[in-house]
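Residue numbers (the numbering used here): -14 to 87.
Working notes for the structure below.
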Amino acid sequence: MERLKPTVNAEGIPTGQHLFFCPGCKGVHGVKDTIWDITGTPERPTVRASVLVHAWEGTDTHPGQPRCHSFITDGRIEFLSDSTHELAGQTVDLPPFDDWFK
């Protein structure tokens, strides 16, 4: 099962955007292959550099706003300690993408 889902446009052409379900935020995050180095397989992806997501795109710090900072390695997601959700400091399996939309 794909853990990193490549997206396509209306014509079926790959967009370069890859989506994954974040179990810390309980939502979808995306990485673009022109910015991140994406290797491995969709089932066991590795993404470099780290993925940093803020509730307010383009901001570095907003008091009280969620922050998710992680590395994805071999199908596992390592949440860095500066994440503000319950999985901060933990490493867990990256869930299959489609399981969250059934």
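Using N, Cα and C, we set each Cβ at its ideal position, and we do this for glycine too.
As the structure is a computational prediction, the values presented were derived from the model and not from experiment.
Just curious, the beta strand (DSSP E) that residue i is in, first and last residue?
i	result
residue 29	It is not in any beta strand (DSSP E) - residue 29 carries neither H nor E in the DSSP assignment.
residue -2	Segment: none, residue -2 is in no beta strand (DSSP E) and carries neither H nor E.
residue 11	Unbroken run through residue 11: none, as it is neither H nor E.
residue 64	61 to 64
residue -8	-10 to -7
To the nearest angstrom, how far is it from the Cα of residue i to the Cα of residue j?
i	j	result
residue 3	residue 72	22 Å
residue 75	residue -8	28 Å
residue 20	residue -5	23 Å
residue 38	residue 84	22 Å
Please identify the residue among the options whose C-alpha is closest to the C-alpha of residue i.
i	options	result
residue 61	24, 34 and 30	30
residue 11	52, 27 and 58	52
Take the Cβ of residue i as the centre, count every other Cβ of all protein chains shown within 10 Å, and call the residue buried at 16 or more, exposed below.
i	result
residue 33	exposed
residue 35	exposed
residue 1	exposed
residue -10	buried
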